[in-house]
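Chemist: Pasting in a structure now, in structure tokens, and then I'll have a few things to ask.
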Amino acid sequence: MEIYRAGNARHIVADIDRDAISRVGLPVKDVEDTVESAYGGTIATSMWEGERRVGVRVKLPTPAEGDTYAVSRLEVPVGSMRLPLGSLANVHLDAGRTQINREQGGRFLALKCNVESRDLGSFVEEVQAAVAKEVNLPDGYYLTWGGEFENQRRAMKRLMVIVPLSIGVIFMLLYLTFREALPAVVVLLDVPFATVGGVFALYLTHTVLSVSAAVGFITLFGVAVMDGVLLVTYILQARAKHGDDAQDAILKAVSQRLRPVLMTALLASLGLLPAATSHAIGSDTQRPFAIVIIGGLISSTLLTLLILPTLYELMDRWFYRGRVGPRATS
-6 MEIYRAGNAR
4 HIVADIDRDA
14 ISRVGLPVKD
24 VEDTVESAYG
34 GTIATSMWEG
44 ERRVGVRVKL
54 PTPAEGDTYA
64 VSRLEVPVGS
74 MRLPLGSLAN
84 VHLDAGRTQI
94 NREQGGRFLA
104 LKCNVESRDL
114 GSFVEEVQAA
124 VAKEVNLPDG
134 YYLTWGGEFE
144 NQRRAMKRLM
154 VIVPLSIGVI
164 FMLLYLTFRE
174 ALPAVVVLLD
184 VPFATVGGVF
194 ALYLTHTVLS
204 VSAAVGFITL
214 FGVAVMDGVL
224 LVTYILQARA
234 KHGDDAQDAI
244 LKAVSQRLRP
254 VLMTALLASL
264 GLLPAATSHA
274 IGSDTQRPFA
284 IVIIGGLISS
294 TLLTLLILPT
304 LYELMDRWFY
314 RGRVGPRATS
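Heads up: the sequence shown begins at -6 in the working numbering, then just goes up one per residue.
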């Protein structure tokens, strides 16, 4: 953490001698306006450049660095006379700030810091709590907080709506695909399976939960659900075509769809592996995204092949208890 400081530079300063200007009956503002017009410039007239009207600013050449003599010779109108600025002000060299930072009509001093090895949002919340507890500002002073964490907070608020909405849309599409609630619910269980792997991947790689990682979870949900759709679809097709019971259909589905499920997971994982291991410029954005997807696909693939079939059989027994014969599906 450090204070944002503007550099110092040498300035030519003219301290107006109020006794001198009072003897000649000259207001302070007239002296200031003369200096401003001479070296800052004054709009004297305007001219047309095509269809655009441009003001013409008139000013004296800026004096060379340290040339107090040229500034002292500036003539200040006093009635019908003209007096040199050196007789009305103390012209000298002095060191001063190169810029004065202002915001909303007041001066401000900026403290900046770069955060590493933790997420920006929790760091700012912790610092704000500590400052509010331990720092007492004098009257007329106040604190404002700004930076990238504001974008993160806005994005996280949107994601709190988008993530549940995405899961709801996925369930609706699954229900429209299977025309039944049971297979849609079973396939949707891939979402927590994938979430477990993504969270552990972030923990093992010491990666903070950022906006990029949150977006990675949304992408991961879609890829993980594809594996569940492959498996459950084959189970339903086997039961409808051959009249198998749930257990036989599940065993056939796992053995026959092992390769497609692994290919789906490996394709996405191997494609994102360079991004997950990258430390080049811009990797802070792409690495959490890739880590979440790779870790989530590992867990979702294993749990889809091992636990999802068992859950399907248990839910099938419970949901269709008392029905006779195998179920047909459209």
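Every residue, glycine too, gets a C-beta built ideally from N, C-alpha and C.
What residues match up with ARG95 in a beta bridge as DSSP calls it?
Modeler: Taking the sequence shown and counting its residues from 1, one reaches residue 95 at position 102. DSSP output for ARG95 lists ARG100 as bridge partner(s).
Chemist: To the nearest angstrom, report how far apart ARG316 and LEU229 are at their CA atoms.
Modeler: By one-based count along the sequence shown, residue 316 stands at place 323. By one-based count along the sequence shown, residue 229 stands at place 236. In this prediction, ARG316 has a pLDDT of 46, which is less than 50 and means its spatial position is unreliable; nothing more can be read from the coordinates.
Chemist: Is ASP183 helix, strand or coil when you go by DSSP?
Modeler: Counted from its first residue, the sequence shown places residue 183 at position 190. It is helical.
Chemist: In chain order, what residues of the same chain have a beta carbon less than 8 Å from the beta carbon of PHE329, not counting five sequence neighbours either side?
Modeler: Residue numbering for the chain in the displayed model covers -6 to 323; residue 329 lies beyond these limits and cannot be assessed.
Chemist: So, is ALA57 buried or exposed, given that buried needs 16 or more other C-beta atoms within 10 angstroms?
Modeler: For the purposes of this step, residue 57 is taken as the residue at position 64 of the sequence shown. Exposed: under 16 other Cβ atoms inside 10 Å.
Chemist: Check whether the Cβ atoms of LEU86 and ILE5 sit closer than 8 Å, and answer yes or no.
Modeler: Reading the sequence shown from its first residue, position 93 is the one you call residue 86. Reading the sequence shown from its first residue, position 12 is the one you call residue 5. Yes, they are a contact pair.
Chemist: Starting from PRO70 and walking both ways along the beta strand (DSSP E), at which residues does that stretch end?
Modeler: The residue labelled residue 70 in the question sits at position 77 within the sequence shown. 68 to 71 is the extent of the beta strand (DSSP E) around PRO70.
Chemist: Where does LEU307 land, buried or exposed, given buried means 16+ other C-beta within 10 angstroms?
Modeler: The residue given as residue 307 occupies position 314 in the sequence shown. Flag for LEU307 reads exposed.
Chemist: Is the beta carbon of ILE36 closer than 8 Å to that of GLY18?
Modeler: Within the sequence shown, the letter at position 25 stands for residue 18. Within the sequence shown, the letter at position 43 stands for residue 36. Taking 8 Å as the Cβ cut-off, GLY18 and ILE36 do not qualify as a contacting pair.
Chemist: Does the segment 174 to 187 come close enough to the segment 290 to 304 to have 3 or more Cβ pairs within less than 8 Å?
Modeler: Flag = yes, the segment 174 to 187 and the segment 290 to 304 touch.
Chemist: By Cβ distance below 7 Å, which residues in the same chain neighbour PRO267 in space, the five residues on each side in sequence not counted?
Modeler: Taking the sequence shown and counting its residues from 1, the one referred to as residue 267 is at position 274. Answer for PRO267: no residue qualifies.
Chemist: Helix, strand or coil for ARG310? Go by DSSP, reduced to three states.
Modeler: Translated into the one-based positions of the sequence shown, residue 310 becomes position 317. Helix.
Chemist: Using the C-alpha atoms, what's the distance from ASP8 back to ARG50?
Modeler: Walking along the sequence shown from the start, residue 50 turns up at place 57. Walking along the sequence shown from the start, residue 8 turns up at place 15. Each residue's Cα considered, the two are about 26 Å apart.
Chemist: Between the C-alpha atoms of PHE116 and LEU152, what's the straight-line distance to the nearest angstrom?
Modeler: Working through the sequence shown from its first residue, we reach residue 116 at position 123. Working through the sequence shown from its first residue, we reach residue 152 at position 159. Approximately 20 Å between the Cα atoms of the pair.
Chemist: Using C-beta distances below 7 Å, list every residue in its chain close to HIS272, excluding the 5 sequence neighbours before and after it, in chain order.
Modeler: Along the sequence shown, read from residue 1 onward, the residue named residue 272 stands at position 279. Nothing listed; no residue qualifies.
Chemist: May I ask which residues mark the beginning and end of the beta strand (DSSP E) holding ARG250?
Modeler: Here residue 250 corresponds to residue number 257 of the sequence shown, with the count starting at 1. Careful: ARG250 lies outside any beta strand (DSSP E) and carries neither H nor E.
Chemist: Can the beta-carbon of LEU78 be found closer than 8 Å to that of VAL84?
Modeler: One-based indexing of the sequence shown puts residue 78 at position 85. One-based indexing of the sequence shown puts residue 84 at position 91. It is a contact, given that the beta carbons lie within the stated cut-off.
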